[in-house]
Amino acid sequence: MKKVAIIGAGAAGLSAAVTLARFGFAVDVFEKNAKNAKKILVSGNGHCNITNRFLDSSKYISENPNFIEPTLKRFGYHELERFMNSIGILFNTKDDGRTFPLSYEASSVVRAFEETLSHLNVTIFNECKIDSIQKKNSFTLTCKDKNYSAYDALIVATGLLAYPQLGGCDDGVHFAHSFGHTSIETYPSLVGLHLDSFRHEELAGVKVEGEVTLFIDGFREKTMQGDILFTKYGVSGLAIFDISQIASKALIDFCNVEISLNLLKNFNPQSLSTQILNLCKALPENKISTVLGAILPAKLASAVLKESKIETHTKALHVNTKMIKTLINRLQNWRFKVSDTHGFSHAEVCGGGVNTLEIDEKSFESKKVKNLYFIGEVLDVLGERGGYNFQFAFSSGILCAEAISKDFLSK
-3 MKKVAIIGAG
7 AAGLSAAVTL
17 ARFGFAVDVF
27 EKNAKNAKKI
37 LVSGNGHCNI
47 TNRFLDSSKY
57 ISENPNFIEP
67 TLKRFGYHEL
77 ERFMNSIGIL
87 FNTKDDGRTF
97 PLSYEASSVV
107 RAFEETLSHL
117 NVTIFNECKI
127 DSIQKKNSFT
137 LTCKDKNYSA
147 YDALIVATGL
157 LAYPQLGGCD
167 DGVHFAHSFG
177 HTSIETYPSL
187 VGLHLDSFRH
197 EELAGVKVEG
207 EVTLFIDGFR
217 EKTMQGDILF
227 TKYGVSGLAI
237 FDISQIASKA
247 LIDFCNVEIS
257 LNLLKNFNPQ
267 SLSTQILNLC
277 KALPENKIST
287 VLGAILPAKL
297 ASAVLKESKI
307 ETHTKALHVN
317 TKMIKTLINR
327 LQNWRFKVSD
337 THGFSHAEVC
347 GGGVNTLEID
357 EKSFESKKVK
367 NLYFIGEVLD
377 VLGERGGYNF
387 QFAFSSGILC
397 AEAISKDFLS
407 K
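Per the working numbering: the sequence shown ends with 407, consecutive numbering throughout.
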């Protein structure tokens, strides 16, 4: 019986383990945490956004974008659904394509994997951080001065630095380097952004449904809608997460990064101007802060007035067209310079990783070392929010396992 070692019991590693065991391989999984699949457990606020019905390679970022399309074509939404059904997970797909387990509990996904692996006699070594790897005729892994040897193939599925409190690390990149691979600089993604401003501090806790536009070196890069949450360090929320991939990459490339916030995206400037003027006419003795408080959270209304250099106690009857124009520009085009991200410890995923130009796009085997494989987030493949990252993790794990079985069992 051929032996395969897998480092990492996350989405990629667990799916590879199930597939290999079904083909009759002896599989050992090494996981540094006491529990498996911690990122699955916390994903989607505990609901686990497994995949997206509307998969598209344009939803991914990589220095080698041609690497992604073959994976999605060979193992996409329907293939993953069949695999998940085979371990007892049924799909619940939303209108926007986001797909969750029917139970709507991430824990059900982890339980399904663990029970399946138990039935298949896969051994999982928890609290076993691999310190080093050697290869002669076979692979030997060292954990706490104990050697695990005679593995015919090794799969690295360690993930990257996102959520270090859940076990995120760059071990996989170091393993790749030890075997002569190069890597793309890592950066946090699906993460909040720090602003070069003081205004966000007084707005901490305010949340609005708005629109965010990202500017890189003065050029409009991307616009996303969703919730925007002001924090003590800057801004967060789903709309911010959706632009953070590009913003984060631009920051490590030393680009000038700015965002524009539209806090009232359902109005065009003319209709918004009319609304505010009508309120001012109807309530001439009210303070302008009170008038704006009818359409914005009070703290936000106050901050917008300060930024527009309009006294908050100004009576509505004294508000003129110039003031309205200034207000609207601030409400629908409030520009901030982005100084940093909120870091790996608050990022859901990472960009960068092992250079995919050095990895076979069909088997995920190293082009430098025979029988060494890299799957999932450790590779330089980064998906958007909405299930794209999990899909790539599952797809790469299963396709890698199928390639190993084809290679070994055909000999």
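Glycine residues also receive a C-beta, built at the ideal position from the N, C-alpha and C atoms.
Is any beta-carbon of chain C found at less than 9 Å from that of residue i?
i, result
"T138", "Going by chain labels, chain C is absent from the structure shown, which holds only one protein chain."
Quick check: the Cα distance between residue i and residue j, rounded to an integer number of angstroms?
i, j, result
"D376", "I255", "26 Å"
"P265", "A299", "19 Å"
"L162", "A8", "16 Å"
"A158", "L288", "40 Å"
"F171", "G84", "34 Å"
"L405", "A108", "27 Å"
"I239", "F332", "14 Å"
"R195", "T337", "17 Å"
"K(-1)", "L234", "43 Å"
"L259", "L292", "9 Å"
"L368", "K90", "37 Å"
"E205", "Q221", "8 Å"
"H443", "A290", "As displayed, the chain neither begins before -3 nor continues past 407, which places residue 443 out of reach and without an answer."
"K125", "M(-3)", "25 Å"
"V202", "L296", "7 Å"
"I371", "L225", "34 Å"
"I236", "L257", "10 Å"
"F79", "Q271", "54 Å"
"A19", "S401", "In the sequence on display, residue 19 carries Phe and not Ala. Their Cα atoms are separated by approximately 7 Å."
"E59", "T308", "49 Å"
"S54", "L68", "11 Å"
"A153", "S285", "54 Å"
"T209", "I306", "25 Å"
"H314", "E281", "9 Å"
"E110", "T178", "33 Å"
Leaving out five residues before and five after residue i in sequence, what residues of the same chain have Cβ atoms less than 8 Å from its Cβ?
i, result
"A17", "V23, L113, L116, N117 and V118"
"Y56", "I64, V377, L378, G379, E380, Y384 and F388"
"H74", "none"
"S341", "Y159, P160 and Q161"
Quick check on DSSP: helix, strand or coil for residue i?
i, result
"R94", "strand"
"G372", "helix"
"V38", "helix"
"C124", "coil"
"E412", "No information on residue 412 is available, as it lies outside the stretch -3 to 407 that the chain covers here."
"I236", "helix"
"F332", "strand"
"D52", "coil"
"L86", "coil"
"G398", "Before going on, a small fix: residue 398 reads as Glu here, not Gly. Three-state result, E398: helix."
"V350", "strand"
"D403", "helix"
"L116", "coil"
"G289", "coil"
"T47", "strand"
"G339", "coil"
"G379", "strand"
"V25", "strand"
Tell me which same chain residues have a C-beta within less than 6 Å of the C-beta of residue i, skipping the five on either side of it?
i, result
"L86", "L98"
"N122", "E27 and A30"
"S11", "F390, G393 and I394"
"V365", "F175"
Return the chain-ordered list of same chain residues with a C-beta closer than 7 Å to the C-beta of residue i, the five sequence neighbours on each side being excluded.
i, result
"S269", "I320 and I324"
"S335", "H190, L191 and D192"
"K228", "E197 and A200"
"R49", "Y73, T89, G93 and T95"
"C165", "T154 and L157"
"L279", "V287 and A312"
Complete beta strand (DSSP E) runs within the segment 155 to 229 (minimum length 3 residues, chain order): 179 to 185, 189 to 191, 203 to 212 and 215 to 226
Any 3 or more C-beta pairs closer than 8 Å across the segment 270 to 280 and the segment 348 to 356: no
3 or more residues per run - each beta strand (DSSP E) lying fully within the segment 246 to 284: 253 to 258
Any 3 or more C-beta pairs closer than 8 Å across the segment 180 to 190 and the segment 333 to 351: yes
Segment contact, 8 Å Cβ cut-off, at least three pairs: the segment 206 to 226 with the segment 241 to 259: yes
At least 3 beta-carbon pairs within less than 8 Å: the segment 34 to 46 vs the segment 130 to 144: no
Runs of beta strand (DSSP E) lying entirely within the segment 129 to 158, each at least 3 residues, in chain order: 135 to 139, 142 to 147 and 149 to 152
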